[in-house]
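First the structure, in the form of structure tokens, and then the observations on it.
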Amino acid sequence: MKSESGVFVFAALFILLTCSPVAADEVWLKNGDHLTGKVVSLEGGTLVFNTTYAGGLSIKWGEVVNLKTDEPVKVVLGDETTAKGPVSPGDSGKVKVTAEQPAEPVTLNLDAIEKINPKPPLRTTLRVNIGASFATGNTEREDIYSDGEFVARTEQNRYTIGGLYRRSESENVKTEDNAMAYMKYDHFFTKKWYGYANATAEQDEFQDLDLRSTLGVGAGYQFFESERTNLSLEGGISYVDENFEVAEDNSFAAGRWGLRFDHYLLPKSLQYFLHHTGLQGLEDSDDLILLTQTGFRVPFYKNLNVTAQVNWDYDKSPSPGKKENDYTYIFSVGYQWAK
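For the sequence shown, counting from 1, position 86 maps to 75 in the working numbering; every step adds exactly one.
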């Protein structure tokens, strides 16, 4: 009897599980149609709704009179107010969102909803600056400077790649030739806190530096991030490898810190910027490297701007016969694009 009872219970559970209705989102339309499937997203006035019988459907939001979801969705209103939770049907033209806070369901007008499960926006910026001066006659001189940076930003990630190049000649004799390239990845754990990984490569013929490469990881805090003001501070650990043409090669572990700040003193008319990075060897205090760029940027026509800046490079233990400090004064014309 016990065996038969066990078989009966198992069979009953199997029937209940297999015959219970499958959870599905539901959409009611003005023409009376009732659809079941899965709400994917709402953007640009189009609701994307997946079904098992007709694949993906694109439905004009204005044709929807009611909506139900079994799982939480992110709802964005026209004033950028957001709510996240399961959606349940309300009176015609209205739905209820059961968010964690407040505990009571929030009633929303369908025509006030702009987006559902919006894709994280991708913001990109590109900046390129070029400066040059030439002299002929009693003095033959040529100076060339360029720098550029590209940044791609999503809600949780930021990708940065950039570089700079400087070259000078006097009387057909090269007096300066150096370059730097860098890349960086930031992952935001919150709106302010992020972790990062970065790599740099630097060459300076007149500092006896054939190649200085660094690899690092760390954490940072984004105090401000807007069109007018940006400020971040970060710190971490880096591995530094230096190859010299004459001096003995060197490599060391270092603590790294970084500061990036820019602010429009006059909205869209005058911008101040300061970018600073420091590397301090963990074993030898003489392994200290500082890189600083600071100056002013003035937009003058559409995406064009002029920049006046000072670059200061400091190496506490340079190659024999080389100076610790390098200063470069730059005036350049640039192009900046953002989307």
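Note that the Cβ used here is the ideal one computed from N, Cα and C, for glycine as well.
With the rule of 3 Cβ pairs closer than 8 Å, the stretch 226 to 241 does not count as touching the stretch 251 to 258.
With respect to the C-alpha of Gly33, the residue from Thr71, Ile102 and Asp22 having the closest C-alpha is Ile102. In this structure, the alpha-carbon of Asp275 lies about 32 Å from that of Phe320. For Leu271, there is no enclosing beta strand (DSSP E), as DSSP gives it neither H nor E.
In this structure, Val53 places its C-beta atom within 8 Å of the C-beta atom of Leu99. In the three-state reduction of the DSSP assignment, Ala88 falls in the coil class, being assigned neither a helical nor a strand state. Secondary structure of Ala243 (DSSP, three-state): strand. The beta carbon of Ala327 sits closer than 6 Å to those of Thr114, all from its chain and outside the five residues before and after it, given in chain order.
Between the C-alpha atoms of Ile150 and Asp136 there is a straight-line separation of about 11 Å. For the pair Lys305 and Leu198, the Cα-to-Cα distance works out to about 14 Å. With contacts defined as CB atoms closer than 8 Å, Ala208 and Glu223 qualify as a contacting pair. Ranking Gln298, Asn294 and Tyr290 by CA distance to the CA of Gly284 puts Gln298 first. Rounded to whole angstroms, Thr164 and Arg156 show a C-alpha spacing of 8 Å. For Asn106, no beta strand (DSSP E) segment is defined, and its DSSP state is neither H nor E. Within the DSSP bridge table, the entry for Val322 names Ile119 and Val295 as partners. About 18 Å separates the beta carbon of Thr58 from that of Ser47, a gap too long to meet the 8 Å contact definition. In the three-state reduction of the DSSP assignment, Gly51 falls in the helix class.
A straight-line Cα-Cα distance of about 7 Å links Ala243 and Val229.
Separation of Tyr171 and Val28 (C-alpha to C-alpha, rounded to the nearest whole angstrom) is 42 Å. Here Gly79 is near Lys85, since their CB atoms are less than 8 Å apart.
At least 8 Å separates the beta-carbon of Leu279 from that of Phe250. With a contact defined as Cβ atoms closer than 8 Å, Leu248 and His265 qualify at about 5 Å.
Around the CB of Tyr185, 16 or more other CB atoms lie within 10 Å, so the residue is classed as buried. For Lys19, the CB contacts under 6 Å within the same chain, skipping 5 residues up- and downstream, are Glu52 and Val54 in chain order.
Rounded to the nearest whole angstrom, the CA to CA distance from Thr218 to Gly310 is 42 Å. Taking every protein chain shown into account, the CB of Arg286 has 16 or more other CB atoms within 10 angstroms, so this residue is buried.
Counting of Cβ neighbours within 10 angstroms places Gly67 among the exposed residues, the total staying below 16. Following the DSSP letters along the chain, one finds Ser306 in no beta strand (DSSP E), marked with neither H nor E. In the three-state DSSP reduction, Glu69 falls in the coil class, being neither helix nor strand.
Looking at Ser77, Gly225 and His23, the one whose alpha-carbon comes closest to that of Asn187 is Gly225. About 5 Å separates the beta carbons of Leu56 and Val76, which is inside the 8 Å limit, making them a contact pair.
Sequence-distant Cβ neighbours of Thr203 in its own chain, meaning closer than 6 Å and more than five residues away, are Thr189, Ser227 and Val229.
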